[in-house]
Each structure stands twice: as C-alpha cells, then as structure tokens.
Amino acid sequence: MREEIITSGRLNPHIDPYLEIWHWQIPLYLFLGGLAAGILFFAALYTIMGKEDKYPGAVRRAPIIVPFLLVLGLFALFLDLKHKLFFWQLYTTVRLQSPMSWGAWTLMIITPLSLVWVALHIREFFPKWDWKYDILKEIEAFLVKYKYYLAWIIIIYAVILGIYTGILLSAFNARPLWNTSILGPLFLTSGLSAGAATIILFAQSKKERILFAKIDLLLIVIELFLIVHLFMGFLASTSVQIDAANLFLGGQYTAPFWIFVVILGMAVPAILEIMELKHIKVPVIIPVVLVLFGSIMLRFIIVFAGQMSRWLY
Amino acid sequence: MRYAMAIDTKKCVGCADCVVACQTENNVPIGYCRDWIVEVTDGTYPRLEIELRSERCNHCDNSPCVRCCPTGASHYEKGGIVVVTHNKCIGCGACIASCPYDARYSHPDGYVDKCTFCIHRIEKGEKPACVAVCPTKCMYFGDMEDPNSEVSIVLKKRKHKTLIPEAGTKPQVYYLI
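Shown next, in the form of structure tokens:
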C-alpha cells in the first residue's frame, strides 16, 4: 500500500498539533454581534415601514438589550486579544482588506447608534423619564424628527454587522472549513433568526408574536437551505475542503453539529413554531431558547472545527 | 528587489542546525520555533522515498496574514519580507488563523512572531542565520530579481517546487527536488 508519512519537528503552543488560537471569546462575540444585528434589523425595518405602533415589541422594547449585547461582545473580543494594551491600534487605521478592521469600525459606529435608539424609546420602560437639560431635549426632538433616516443607517449597519460575523471567518483561506462565502449569509440568517426569536419574548400582542414566529420559521428554512449548500459546495471542491466537510459528515463534529445545531436549534423550534401557528399551545420560551441555543452552538462549532481543518499537515 | 530562499531537499540531512541557529539568533522563547524540519516518507515498502525540508514563513507575495491584519502590524518590508511590528500588534490572532503554513505563533509577551528572514542581518549584508550555519550548505538566499544572485542561479539550474501553491499565496521559499 502506498503511504505518505509526514513528521514535523514543529510543536509551537496553540499551533500544533492543531490550531487553538481562538477560544470561547470569538464564537460568543459572533453570537452576540449576530443577535444584536438581528434585533436592530427588525427594529429599523418596521420603523422604515411605518409600522412602529403595530409592532412596538420589535421597534421599541427589544432593542433595549442591544447595547448590553454589543458591550459584552466587545469585552469578549478584548479578552481574546493577547497584546491587550495595544488594542487602540485598531482605531488608528482603516484597512479595507481586513474584515477584522472594518468589523471593529462597524462596532464603533453601531454601538453608539444602538444606545441612541434605546434612549429614544426609553419612555417605553420609564414613562416619566425626563431628559432634564434643554440641550438633551432638543437633541431628542431632532432625532425623533429624523428617526426614519436614523433607521436607514441602523439597518445598513445591522446587515454589515450580521454579515461581518461570517465574513470574518471566510476571509481565512488557510482554514478550508471557513473559506466559503456561504458563511456570511449563513451567519446573517442565523443572527436574524436569533433576533426574531428574541423579539417574540418582547412582543406585546399575539399578532406580533405570530408575525415573528412566521419570520423565524422562514429564516430557519433559509438557514437549513444554506447549510445544505455549504456541504454541497465543500463536497464538490478540493480535497482539503472535502476533508473539512467530513468533520461534520462522520468526523468528530458530526454529533454536536447535527444534534445541537440542526435538530435542537432548527428543526425542533421550527416544529414548535408551526404548532404555535396551528393554535396548539406551546410555551413561547421553549422555541426561543432553542433558537438562541442553536445559534450559539453554530458559532462555537464552526469556530472550533474550522481550526482543525487545514491545508498541510 | 525580491528576497527569496531556495532549499535543497536532496542535500538536507535534517540535522536541525538551522532551527537552533534561528532560536539563538532571534532569542526565540523556549518551546517555540520559527523554522522547523519536516520529514516526508512516501511510497510503497520497500520502495520508499524520504524528503527532508527545512520549513519557515514563506514570505509570500500575496500574504493572507498581511491582508487580514486589522492594524497593519503585519506588513511587507523592502524586498517583500513579511514582518510584524510588535508594538502595533494587538494579538488578535487573525494572521495566525490566515496562514496556511502555520508559520506564526503567539509570543508569550503577547504579540505575534515569526521568521523575518533575519532582516537585521540582511541589512548588514549578512545571510540569514539558518543559511549561514547550514553544515551541508543546502540553503541559498538572495534577490530573485538579480539574475546573478545565488538563489536565481540555483533555481535556473534545478527543478523546484513551492509548498501548497494552490493556496494562492505565491510563496517565496523554494524547495529543490
């Protein structure tokens, strides 16, 4: 039998025998960023469509958690850095070819915008809120007047943020599992789905809950379609990509991926949401938690499995 | 100017002198290496072939690490040498994840580190430490754009390959086969 045995003298920590440079911080951030993008997307979308009063849960209530999600995500990113005191170097330059650079700048823009959005709707939670200073009141009046345009800016940045969480990985051609442009749309869809699911929790009326259950169902179907596409692409590609796909098709990530992400995170909540639409009583928290769980597992598994896929040895 | 290295796999005996020379010259932390020996045994017993390679950063023409670096710490120096500026590096790991050769590592001090082609020696007109110490003289270093440099001459004479050119990186360490 013909054999090829490769022995490498390299044994650098976190590089060999396989890459372990990114731990829990990056997938956690990818999840939080995607979820934040999803919530902001729907808040801005229904503002632009002028249905603010019809869907207050999406527009006014759910975005309250977004600044917390983003700050937590940024903190996770900071924890991931190994040369922490130099983090400000990110903001001394714009490098268009580096997804991480424009991701850092996107966060720099969308985090304050999300805070502004929450401030505009603070009375939803504190009806007697008073901005006290005239200048703040004037700024508020100005922003309320131009809220439509603010929503447009937010929706654009929300889409960039959602796609960026996937593009960040797909820019690395050294890791065959990540090196597919499907990851951008897949992570965007997953983030939107997580966002829609979270909005269900904040919904004020049955009508709003039903709408977001329907949206979430559609997004889950798109996600499943993208996952099938992902594997079709890999299996029709080069040997390193076939090896990468095999991590999920019989390899060590098969069980966690198909059980946690596809069955528990997509199929089961989809069935529960269909039951809900058929007026069978299901506690609304169950499908929501499952969708969020599937979304977070998808990131963890893709980030960890991707580091095991490689070109050379 | 385009610096490149050619390594003769037929002359290399895998002694790892290059590895030790590099660790000493560049004060590489214990347990890490910027260059390393790879032994590939290929064939059907008893007809086996061994190839010995001294591997390192390929100082690619189209470096994914430079492209992915968010701060510009990873950059091209004169002659296409890929270098990391330590106090611009935030240790995010993007370059490590982007290198198909896994030639980079995270230095215990936080920044990312790798082979520099001994740029500090080249500037003084010396050869990289690994090339200088090789007991079988199997390594050649020089300017690819100068037709009379030893690397240009040996690449003209000998059959050669690069590692995973299909990764699209245009590597500049050549292996004579």
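Protein chains in written order, with my numbering: chain A, 6 to 318; chain B, -3 to 173. Idealized CB from N, CA, C, for every residue including glycine.
Quiz item: What span of residues does the beta strand (DSSP E) with L24/A cover, start to end?
Solution: Taking the first residue of the first sequence as position 1, residue 24/A is located at position 19. Neither: L24/A is in no beta strand (DSSP E) and is coded neither H nor E.
Exercise. Return the residue from the list G10/B, E73/B and S59/B that minimises the CA-CA distance to I46/B.
Key: For this step, residue 46/B is matched to residue 50 along the second sequence. Checked all of G10/B, E73/B and S59/B; the closest Cα to I46/B is G10/B.
Quiz prompt | Close beta carbons around A81/A, own chain, < 6 Å, minus the five adjacent residues each side | solution = Counting from 1 along the first sequence, the entry for residue 81/A is found at position 76. Result list for A81/A: Q30, L33 and Y34, in chain order.
Exercise. Determine the chain A residues that contact N83/B at a beta-carbon separation under 7 Å, and present them in chain order.
Key: If you number the second sequence from 1, residue 83/B lands on position 87. At a C-beta separation below 7 Å, N83/B has these neighbours in chain A: F91.
Quiz item: When you compare only the Cα positions, how much space is there between F300/A and V78/B?
Solution: Stepping through the first sequence from its first residue, residue 300/A is reached at position 295. Stepping through the second sequence from its first residue, residue 78/B is reached at position 82. What sits at residue 300/A in the sequence shown is Ser, not Phe. Whole-angstrom Cα-Cα distance: 37 Å.
Practice problem: Just the chain A side, please: which residues come within less than 9 Å of G164/B by C-beta, in chain order? | Solution: For this step, residue 164/B is matched to residue 168 along the second sequence. N178, listed in chain order.
Practice problem: Please list, in chain order, all residues of the same chain as G189/A whose beta carbon is under 7 Å from its beta carbon, the five residues on each side excluded. | Solution: Indexing the first sequence from 1 puts residue 189/A at position 184. For G189/A, where only same-chain residues beyond five positions count, the Cβ hits under 7 Å are I168, G171, I172 and S175.
Exercise. Would you mind telling me which residues of chain A sit closer than 8 Å to Y101/B, beta carbon to beta carbon, in chain order?
Key: Here residue 101/B corresponds to residue number 105 of the second sequence, with the count starting at 1. Listed along chain A are N17, P18, H19 and I20, each with a C-beta nearer than 8 Å to that of Y101/B.
Exercise. Following the continuous alpha helix (DSSP H) through I118/B, name the residue where it begins and the one where it ends.
Key: Locating residue 118/B in the second sequence gives position 122, where the first residue counts as 1. Boundaries of the alpha helix (DSSP H) around I118/B: I115 to I118.
Exercise. Please determine, among L48/B, D38/B and Y28/B, the residue with the shortest C-alpha to C-alpha distance to C111/B.
Key: Numbered from 1 along the second sequence, position 115 holds the residue referred to as residue 111/B. The shortest Cα separation from C111/B among L48/B, D38/B and Y28/B belongs to Y28/B.
Exercise. Quick one: grab the DSSP three-state call for S244/A.
Key: The residue you call residue 244/A lines up with position 239 of the first sequence. Note: S244/A maps to helix in three-state DSSP.
Quiz prompt | Which listed residue (P274/A, L90/A and H284/A) has its alpha carbon closest to that of A2/A | solution = Shown here, chain A extends from 6 to 318; a query on residue 2/A therefore has no answer.
Quiz item: Counting Cβ pairs, one atom from each stretch, are 3 or more of them under 8 Å apart for the segment 115 to 125 of chain A and the segment 142 to 150 of chain A?
Solution: yes
Quiz prompt | K56/A to I268/A span [Cα, whole Å] | solution = For the purposes of this step, residue 56/A is taken as the residue at position 51 of the first sequence. For the purposes of this step, residue 268/A is taken as the residue at position 263 of the first sequence. Computed Cα separation, rounded: 34 Å.
Quiz item: Going along the chain, which residues of the segment 35 to 49 of chain B sit with their C-beta nearer than 9 Å to a C-beta in chain A?
Solution: E35, V36, T37, D38, G39, T40, Y41 and L44
Exercise. Kindly indicate if chain A contains any beta-carbon less than 7 Å away from that of Y28/B.
Key: By 1-based counting over the second sequence, the position of residue 28/B is 32. For Y28/B, the answer is yes, since a Cβ of chain A falls inside 7 Å of its Cβ.
Quiz prompt | Under 8 Å by beta carbon: chain A residues contacting Y171/B | solution = As a working mapping, residue 171/B is identified with position 175 in the second sequence. Per Cβ cutoff of 8 Å: no residues; Y171/B is ~13 Å from chain A at best.
Exercise. Verify the CB distance criterion: does E9/A have a CB-CB separation below 7 Å to chain B?
Key: In the first sequence, counting from the first residue as 1, residue 9/A sits at position 4. At least one chain B Cβ lies under 7 Å of E9/A.
Quiz prompt | Local conformation of I26/B per DSSP, three classes | solution = Here residue 26/B is taken as the residue at index 30 of the second sequence, counted from 1. It is coil, neither helix nor strand.
Quiz prompt | chain A contact residues for Y97/B, given Cβ-Cβ distances below 9 Å | solution = Here residue 97/B refers to the residue found at position 101 when the second sequence is read from its first residue. Near Y97/B (Cβ distances below 9 Å), the residues of chain A are A179, W316 and L317.
Quiz prompt | Interface partners of L24/A on chain B, CB under 8 Å | solution = Reading the first sequence from its first residue, position 19 is the one you call residue 24/A. Within 8 Å Cβ-Cβ: I92, A93 and D98.
Quiz item: Between F236/A, T243/A, A250/A and S195/A, which lies nearest to I225/A when the distance is taken from Cα to Cα?
Solution: Locating residue 225/A in the first sequence gives position 220, counting from the first residue. Among F236/A, T243/A, A250/A and S195/A, the Cα nearest to that of I225/A belongs to S195/A.
Quiz item: Does V3/B have its Cβ less than 7 Å from a Cβ in chain A?
Solution: Counted from its first residue, the second sequence places residue 3/B at position 7. The sequence given here has Ile at residue 3/B, not Val. Judged by the 7 Å Cβ criterion, I3/B is not in contact with chain A.
Quiz item: Out of E25/A, V71/A and L50/A, which has the shortest C-alpha to C-alpha gap to G39/A?
Solution: Mapped onto the first sequence, residue 39/A falls at position 34. Checking every option, the nearest Cα to that of G39/A belongs to V71/A.
Self-check item: Interface residues of chain A facing P161/B [CB-CB closer than 8 Å]
Solution: Position 165 of the second sequence, counted from the start, is the residue given in the question as residue 161/B. Ordered by position in chain A, no residue passes the 8 Å Cβ test against P161/B, which lies about 11 Å from the chain.
Exercise. Count the CB pairs spanning the segment 106 to 121 of chain B and the segment 63 to 82 of chain B that are closer than 8 Å, and state whether there are at least three.
Key: yes
Quiz item: Mind checking whether A310/A and L252/A have CB atoms under 7 Å apart?
Solution: Sequence index remark: in the first sequence, residue 310/A carries index 305 (1-based). Sequence index remark: in the first sequence, residue 252/A carries index 247 (1-based). Going by C-beta atoms, A310/A is nearer than 7 Å to L252/A.
Exercise. Look at the alpha carbon of Y136/B and the alpha carbon of S145/B, and state the distance between them as a whole number of angstroms.
Key: In the second sequence, the residue the question calls residue 136/B occupies position 140. In the second sequence, the residue the question calls residue 145/B occupies position 149. The alpha-carbon atoms of Y136/B and S145/B are separated by roughly 9 Å.
Quiz item: With a cut-off of 8 Å, do at least 3 Cβ pairs link the segment 117 to 135 of chain B to the segment 153 to 170 of chain B?
Solution: no
Quiz item: For the beta strand (DSSP E) that L44/B lies in, which residues bound it at each end?
Solution: Counted from its first residue, the second sequence places residue 44/B at position 48. Segment R43 to E51, the beta strand (DSSP E) holding L44/B.
Quiz item: Given that a residue counts as buried once 16 or more other Cβ atoms are within 10 Å of its Cβ, and exposed if not, what is R7/A?
Solution: The residue labelled residue 7/A in the question sits at position 2 within the first sequence. Exposed is the call here.
Quiz prompt | Sub-7 Å separation of L77/A and I159/A beta-carbons | solution = Locating residue 77/A in the first sequence gives position 72, counting from the first residue. Locating residue 159/A in the first sequence gives position 154, counting from the first residue. Contact flag unset, no.
Quiz item: Contact check, C134/B vs D4/B under 8 Å by CB: the rounded distance?
Solution: Your numbering for residue 134/B matches position 138 in the second sequence. Your numbering for residue 4/B matches position 8 in the second sequence. Between the beta-carbon of C134/B and that of D4/B there is about 4 Å, and that keeps the pair under the 8 Å contact cut.
Self-check item: Within 8 Å of chain A by C-beta, residues of the segment 46 to 73 of chain B in sequence order
Solution: So the close ones are E51, P60, R63, C64, C65, P66, T67, G68 and A69.
Practice problem: Check whether the Cβ of H28/A lies closer than 7 Å to any Cβ atom in chain B. | Solution: Counted from its first residue, the first sequence places residue 28/A at position 23. Not one chain B Cβ lies under 7 Å of H28/A.
Self-check item: Cβ of G171/A within 7 Å of any chain C Cβ
Solution: No chain C is present in this structure, whose protein chains are A and B.
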